[in-house]
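Going line by line, the protein sequences match chains F and R. Residue numbering for the first sequence follows the working numbering, beginning at 1 and increasing consecutively. Residue numbering for the second sequence follows the working numbering, beginning at 1001 and increasing consecutively. Beta carbons: idealized from backbone N, C-alpha and C, even for Gly. What you are looking at is a predicted structure, and each value in this text was computed from that prediction instead of being measured. A quick write-up on the structure given underneath.
Number of protein chains: 2
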Amino acid sequence: MGTHFPMTRPINDTLLRALLRQPTDTTPVWIMRQAGRYLPEYNQTRARAGSFLALCRNPNLATEVTLQPLARFPLDAAILFSDILVLPDAMGLGLYFVEGEGPKFERPLREEWEIRDLSAPDPDNHLRYVLDAVAQIRRALDNQVPLIGFSGSPFTLACYMIEGEASRDFRWVKSMLYGRPDLLHRILEVNTQAVTRYLRAQIESGAQAIMLFDTWGGILSSPAYREFSLAYMQRVLQELPREWDGHIVPRIVFTKGGGLWLEAIADCGCDAVGVDWTVELDSAKQRIGHRVALQGNLDPGVLLSNPDTVVREVARTLAAFGPGHGHVFNLGHGITQWTPPENVAALVSAVHRESRRYHNPG
Amino acid sequence: MGTHFPMTRPINDTLLRALLRQPTDTTPVWIMRQAGRYLPEYNQTRARAGSFLALCRNPNLATEVTLQPLARFPLDAAILFSDILVLPDAMGLGLYFVEGEGPKFERPLREEWEIRDLSAPDPDNHLRYVLDAVAQIRRALDNQVPLIGFSGSPFTLACYMIEGEASRDFRWVKSMLYGRPDLLHRILEVNTQAVTRYLRAQIESGAQAIMLFDTWGGILSSPAYREFSLAYMQRVLQELPREWDGHIVPRIVFTKGGGLWLEAIADCGCDAVGVDWTVELDSAKQRIGHRVALQGNLDPGVLLSNPDTVVREVARTLAAFGPGHGHVFNLGHGITQWTPPENVAALVSAVHRESRRYHNPG
């Protein structure tokens, strides 16, 4: 059952059009982690919530922070404020955060019986707060810009579930992958079902595009990436509804460090491929731009400099993609907490201003 | 002035031949960080030394640990036991180690005056202990296998010198790169001179091949990689002697995460390009194998499994390179401390056994 919204497209639909490689007047722009710690108003709301997790679990406050960057900058999309790890948390792993150390799980998956016992949660039940946030954000947006829903990829979630925290060497994941691949496949089976249900529920609650964050696919060898990450993302996308309420729901897949595998990613059933800043957009466009849209790829480090440099690097990124449709401007990874908000303002206005020339060659 | 060794080639010269794409009967193999914490005898010597740094600074003990893996496994090369950070330490930055946290510098480069004051050390003076170790290891090897010398790349050293420690987001490096590129170029100029002098001194002391470790080049955008990392490695290689004592001294360049830039790396003046495990050797060979040798690229995670899996993955790696010369077998990154030594034994013997078929097609 879905919350039924009017079938109207958002007034600003450049993101949805660009993801489907349809003509637009400008290149749409949004920013990974655009609602985040670089914004003082975000830090205030987070302080009011008490913790990051409390913020994620409160639909009113999640809605508030989702809208904050849109009030400051003329961004072309909102993205649900949440965290990819709320899904494994709903599977019973016990998510918690230690200040300065990032997310951890109380019960990482190490024993065979723990893996056998794992099952996909019912999002209507265990992730109600996310779906409520999606519906509430969608209402609050009042069809101004589209809302993006998201999930971690089955493999990326498995990395956190097995390691129990962010890892440098992925010791336990690699041990399992090479030593007990059957156990890793079992986790990925469950995660695939969980991610599919979760994204379907987000779509039914009002998400107008969805994105798979494959943050850790890039730690794999090429054959292992195909077997343990890409194959499962492909299955998620096969199972998701292509349309909802009469509109196509575009899908973005982003594997950080996946630049060598763009052709394979473009074949996985997505509409757009996210690329990090190590990839050159002109070469990426040559390789896969006739099949899918591209999203990216400014180095978030550029935003640590100054507005002039930001404008110059934005222009360089737009020029690398060049004339034509099918580019969604974004960073190559999440924005960092040390970013001065005026650099974000410079970025967004530069994208809109400088991109016109590439869309109206006449 | 160099310590003069007889002009004899090592009895086992397969590494040197493979680096120059000359015929060999088997594929040579060595392992990044082969003298390290996965070996109980290494841990004993380190305990005797008192600390990792004391071990680096004691030529007798550095020689001892360099030889340890060769006593266990029929490896085709020795590599100087040292750390890339002893060079910035010799520049006055104050290297120290915190157990479980990795290397740190007491005085990271943040202020303009610190950067202006930086200068390249005289290795004969400030890095005497490394050169003594090189000469002593070379004598102890008694021409059985060649000795590899090494340095961090100018950019990779700069990352540690600016951040003051290993970093996840490279906040300060990126701020400088985009905000004050002149300062980063100044550091890289000094580092280039320092690395060149250091490697030249290693060659004069007995190193028969050299390797540049560009561990962090892969965090850069494609144009930034060329400007801030590759260009400076190229200058180091231009300045180094091509031959010593009548023998070519082959050069290996390894940029972790540099798989998208192999063509450019192959043009930088190296004889061999190191590749990490995200790269497929067959495609790398197709792209640059007619110009340079390839070194790599088994996922170090494979060594966390079991001998059967190791043998299977070694065979797959050798098959990916296929028939022909110019492959040096290695991991795609350093061996981890959790590796069971019997898996290393399985790797080395599998490389020698399984590679014969690719070298003797007759």
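Beta-carbon proximity check, residue i vs residue j, cutoff 8 Å
i: R/R1017; j: R/T1024; result: yes
i: R/A1284; j: R/R1226; result: no
i: F/P146; j: F/A209; result: yes
i: F/L127; j: F/Y42; result: no
i: F/L80; j: F/A133; result: yes
i: F/L304; j: F/S355; result: no
i: R/R1037; j: R/Q1337; result: yes
i: F/L20; j: F/P250; result: yes
i: R/V1273; j: R/G1259; result: no
i: F/A166; j: F/N191; result: no
i: R/E1106; j: R/L1087; result: no
i: F/A90; j: F/T66; result: no
i: R/I1011; j: R/N1125; result: no
i: R/I1350; j: R/V1314; result: Sequence inspection shows Ala at residue 1350 of chain R; the Ile mentioned does not correspond to that position. Their beta carbons are under 8 Å apart, which means R/A1350 touches R/V1314 by this criterion.
i: F/H359; j: F/H325; result: yes
i: R/A1062; j: R/L1141; result: no
i: F/G217; j: F/T255; result: yes
i: R/L1262; j: R/R1287; result: yes
i: F/L39; j: F/P341; result: yes
i: F/F155; j: F/E163; result: no
Anticipated Cβ contact below 8 Å, residue i with residue j, distance rounded
i: R/A1293; j: R/A1194; result: 27 Å between Cβ atoms; not a contact.
i: F/V348; j: F/V29; result: 6 Å
i: R/I1031; j: R/I1335; result: 5 Å
i: R/L1118; j: R/I1187; result: 6 Å
i: R/S1229; j: R/S1153; result: 6 Å
i: F/L212; j: F/V173; result: 18 Å between Cβ atoms; not a contact.
i: F/P123; j: F/A231; result: Their Cβ separation, rounded to whole angstroms, is 23 Å, which puts F/P123 and F/A231 out of contact at 8 Å.
i: R/N1058; j: R/A1049; result: 6 Å
i: F/T196; j: F/L240; result: 6 Å
Closer than 8 Å at the beta carbon, the chain F residues around residue i
i: R/V1279; result: S222 and L260
i: R/Q1257; result: Before going further, note that residue 1257 of chain R is Gly rather than Gln in the sequence given. In chain order: G257 and T278.
Contact list for residue i against chain F, beta-carbon separation under 9 Å
i: R/L1306; result: Checking the displayed sequence, the identity of residue 1306 of chain R turns out to be Asn instead of Leu. Within 9 Å Cβ-Cβ: Y178 and G179.
i: R/F1170; result: G301
Residue i: contacting residues in chain R (beta-carbon distance under 9 Å)
i: F/W338; result: D1169, R1171 and S1175
Chain-ordered neighbours of residue i on chain F, where CB pairs are closer than 7 Å
i: R/G1218; result: T278
Cβ neighbour criterion (16 or more within 10 Å) applied to residue i
i: R/E1111; result: exposed
i: R/T1014; result: buried
i: R/Q1234; result: buried
i: R/T1026; result: buried
i: F/R242; result: exposed
i: F/D308; result: exposed
i: R/E1204; result: buried
i: F/N343; result: buried
i: R/V1098; result: exposed
i: F/N60; result: exposed
i: F/G206; result: buried
i: F/S51; result: exposed
i: R/D1076; result: buried
i: F/M1; result: Bear in mind that a pLDDT of 41 at F/M1, under 50, signals an unreliable position, so the number given afterwards is only what the model happens to contain. Per the 10 Å Cβ criterion, exposed.
i: F/E101; result: exposed
i: F/Y160; result: buried
i: R/P1074; result: exposed
i: F/A266; result: buried
i: F/G322; result: exposed
i: F/G257; result: buried
i: F/Q22; result: exposed
i: R/T1008; result: exposed
i: F/Q238; result: exposed
i: R/Q1044; result: exposed
i: R/G1289; result: buried
Contact set between residue i and chain R, taken where Cβ atoms lie within less than 8 Å
i: F/T309; result: Y1178 and G1179
Taking three-plus beta-carbon pairs below 8 Å as touching, is the region 1288 to 1304 of chain R in contact with the region 1264 to 1279 of chain R? Because the criterion of three Cβ pairs below 8 Å is met, the region 1288 to 1304 of chain R and the region 1264 to 1279 of chain R touch.
Contact the region 171 to 180 of chain F vs the region 135 to 153 of chain F: 3+ CB pairs below 8 Å: Taking one beta carbon from each stretch, the region 171 to 180 of chain F and the region 135 to 153 of chain F have fewer than 3 pairs nearer than 8 Å; the two do not touch.
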